[in-house]
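Count the sequence shown with our numbering and you get residues 913 to 1289, in order.
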Amino acid sequence: MSDDVRKGKVSASRLEILALCPGSEQLRRTLPDTALDTGDEYTDLGSKLHKAWETESTLDLNEEELEVYQRGIETLDRIIAEWKTEFQLETVDEGQRELRLYLNDPSTLKIVASGQLDRHYGHFSKPNSRPHVLICDFKGLWSPHLTPAERNWQGRLQAVLAKKEYDAKHVRMAFVKAMFGRQDVTDYDEAALGFAETSIFRAIWESEQPGAQRRAGPWCRYCPCKPFCREAALYSELPSVARGGALEETLKLVNLMPPEDIVAVWRKWGEVEKIFEAMEARLKALPEEEQSRLGVRMKEGRKMAAIVDKVGAFNALRALDISSEKILATVAFGKGELVALYQATANCSPKDAEAWYEKTLDPFIKRDRAKPSLVEI
Ligand code: SF4
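The structure is reproduced here in structure tokens:
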């Protein structure tokens, strides 16, 4: 989206990063639009779903997207019903969808921020009786790191904007997590709306001070400035960040992934293994100095000491008066070796040798199965 509608000011979705890292907006303004364009197929999917929720036209959605759309609508209906019951609101109006509202500095009246309301509800047709407003923000994707509604700066700004627009005394802010059919709801009463407004002006003020500090943290993941940000680079090098976190975070994500996505990745397992093997082979082939520069080295192979003179070992054990049964109990027979032995003794074909193995040795074999494995249908 161009900055035109935002009047070049921070939007609700960017406020979270601004509040956590006051210097981020100043860095952002030094970068060209092309550097900040971080869109990908998931951004496109999110936009597509938002369009459908706005227009209620689902023609562009495929089957899976349609399911997410429907779950979003069902969750929205549930949120509205609960809100109406809790505050005994019999009939409510829906406000303009995707309504963009602006926050003005009270002393200069200049716009300092804006936010868009995906859906919002209240008593808009009765101007003097609209103390309650419900705002709903759709999240079409997994949003595993979405800050909970009660601490979320995007929701905070949307609530304040709704309060100002409708002179509301109470705003309920709800995230509609369509992918999972879940909701995350928080309430702002009059006092909370006042504190929220003060905190937003303070965060914006801090971000506009010369040399506003950049504070790196987990939120850098979503900051489009991160490829250009020294603080983010230093943060990612911190031992606690580089060592921990990443794997745990990824494992958490696996729990949130839809099975369709998991199976697509699982199918690549063999290829990924081959890629890692090829990478390891390249590293192994590097000269010692180069390996040392990269922080790796060749380690001696593990010790291997197989008994090759089995008869000698057997006799040595027998000499200690250990029974043949006890010695044989420590030995594992391999099917391949026994089949080959019989084939050589009976001078028969491999097939006959295998048939002999299966029939004659059957009473001595414990047949079992390994754990089930996953295969392609
Ligand atoms: S990458 Fe992190 S530290 Fe850098 S500007 Fe963005 S939020 Fe701030």
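Quick reminder that beta carbons are idealized off the backbone N, C-alpha and C, glycines included.
Where the alpha helix (DSSP H) containing residue 1227 begins and where it ends: Mapped onto the sequence shown, residue 1227 falls at position 315. Element bounds for residue 1227: 1222-1231.
Three-way DSSP call (helix, strand, coil) for residue 1267 in this model: Taking the first residue of the sequence shown as position 1, residue 1267 is located at position 355. Helix at residue 1267.
When 1260, 1007, 1193 and 1097 are compared against residue 1088, the one with the closest alpha-carbon: Position 176 of the sequence shown, counting from 1, holds the residue named residue 1088. Ranking the options by Cα distance to residue 1088, first place goes to 1097.
Cβ contact check for the stretch 924-942 and the stretch 999-1010: 3 or more pairs under 8 angstroms: no
Residue 1067 and residue 1085 closer than 7 angstroms at C-beta: To locate residue 1067, count along the sequence shown from 1; it is residue 155. To locate residue 1085, count along the sequence shown from 1; it is residue 173. For residue 1067 and residue 1085, yes; Cβs fall inside 7 angstroms.
Residue interval of the beta strand (DSSP E) (run including residue 1113): Taking the first residue of the sequence shown as position 1, residue 1113 is located at position 201. It is not in any beta strand (DSSP E) - residue 1113 instead sits in the alpha helix (DSSP H) that spans 1102-1120.
Residue 1120: CB within 6 angstroms of a non-hydrogen atom of the ligand SF4: Residue 1120 sits at position 208 when you count from the first residue of the sequence shown. Not so, every heavy atom of the ligand SF4 lies at least 6 angstroms from the Cβ.
Environment of residue 1016 [buried if 16+ CB atoms lie within 10 Å]: Within the sequence shown, numbered from 1, the residue matching residue 1016 stands at position 104. Answer is exposed; the Cβ neighbour count stays below 16.
In DSSP terms, what residue 1137 is bridged to: Working through the sequence shown from its first residue, we reach residue 1137 at position 225. None; residue 1137 has no bridge partner.
Burial state of residue 1102, where buried means 16 or more other Cβ atoms lie within 10 Å: Counting from 1 along the sequence shown, the entry for residue 1102 is found at position 190. Residue 1102 is exposed by the Cβ-count criterion.
Per DSSP, the bridge partner or partners of residue 1210: Walking along the sequence shown from the start, residue 1210 turns up at place 298. None; residue 1210 has no bridge partner.
Closest Cα partner of residue 994 within the set 1252, 1048, 1176 and 1179: On the sequence shown, residue 994 is found 82 positions in, with the first residue counted as 1. Ranking 1252, 1048, 1176 and 1179 by Cα distance to residue 994 puts 1048 first.
Nearest-angstrom beta carbon gap, residue 1108 and residue 987 [assumed within contact, 8 angstroms]: Here residue 987 refers to the residue found at position 75 of the sequence shown. Here residue 1108 refers to the residue found at position 196 of the sequence shown. Between residue 1108 and residue 987 the Cβ distance is about 24 angstroms, and since that is not below 8 angstroms, they are no contact.
heavy atom of the ligand SF4 below 6 angstroms from residue 939 C-beta: For this step, residue 939 is matched to residue 27 along the sequence shown. Result yes, Cβ under 6 angstroms from the ligand SF4.
The ligand SF4 heavy atom lying under 6 angstroms from the CB of residue 1143: The sequence position of residue 1143 within the sequence shown is 231, counting from 1. Checking the Cβ of residue 1143 against the ligand SF4 gives yes.
Neighbourhood of residue 1272 by C-beta distance below 6 angstroms, restricted to the same chain and skipping five residues each side: Here residue 1272 refers to the residue found at position 360 when the sequence shown is read from its first residue. Cβ within range, chain order: n/a, list empty.
Residue 934 versus residue 998: straight-line alpha-carbon distance, rounded: The residue you call residue 934 lines up with position 22 of the sequence shown. The residue you call residue 998 lines up with position 86 of the sequence shown. Their backbone Cα atoms lie some 38 angstroms apart in a straight line.
Assigned exposure category for residue 1030 - 16 Cβ within 10 Å defines buried: The sequence position of residue 1030 within the sequence shown is 118, counting from 1. Buried is the call here.
Cutoff 8 angstroms; reference residue 1254; Cβ partners in own chain excluding five residues on either side: Position 342 of the sequence shown holds residue 1254. Correct list, in chain order: 1260, 1265, 1268 and 1269.
Whole-number beta carbon distance between residue 1032 and residue 1046, since they are thought to touch under 8 angstroms: Translated into the one-based positions of the sequence shown, residue 1046 becomes position 134. Translated into the one-based positions of the sequence shown, residue 1032 becomes position 120. Correct: roughly 6 angstroms between the Cβ atoms.
Distance cut-off 6 angstroms: residue 959 Cβ against heavy atoms of the ligand SF4: Counting from 1 along the sequence shown, the entry for residue 959 is found at position 47. The answer is no for residue 959.
Bridge partner(s) assigned by DSSP for residue 1033: Here the question's residue 1033 lines up with position 121 in the sequence shown. Paired residue(s): 1006 and 1046.
Whole-number beta carbon distance between residue 1007 and residue 923, since they are thought to touch under 8 angstroms: One-based indexing of the sequence shown puts residue 923 at position 11. One-based indexing of the sequence shown puts residue 1007 at position 95. That pair is no contact at about 19 angstroms.
Residue from 1140, 971, 955 and 1145 with nearest C-alpha to residue 944: The count along the sequence shown starts at 1 and reaches residue 944 at position 32. The candidate whose alpha carbon is nearest that of residue 944 is 1140.
DSSP three-state assignment for residue 1334, whether helix, strand or coil: Any question about residue 1334 goes unanswered here, given that the chain covers just 913 to 1289.
The ligand SF4 heavy atom lying under 6 angstroms from the CB of residue 1323: Since the displayed the chain opens at 913 and closes at 1289, residue 1323 lies outside it and no answer follows.
Limits of the beta strand (DSSP E) - the one that residue 1088 falls within: For the purposes of this step, residue 1088 is identified with residue 176 of the sequence shown, where counting begins at 1. Looking at the DSSP string, the run of the beta strand (DSSP E) that includes residue 1088 is 1082-1089.
Integer-rounded CB distance, given that residue 1149 should sit under 8 angstroms from residue 1126: Start at 1 with the first residue of the sequence shown, and residue 1126 comes out as number 214. Start at 1 with the first residue of the sequence shown, and residue 1149 comes out as number 237. Rounded, the Cβ-Cβ distance is 15 angstroms, inconsistent with contact.
Collapsed DSSP secondary structure at residue 922 in the structure displayed: In the sequence shown, counting from the first residue as 1, residue 922 sits at position 10. Strand.
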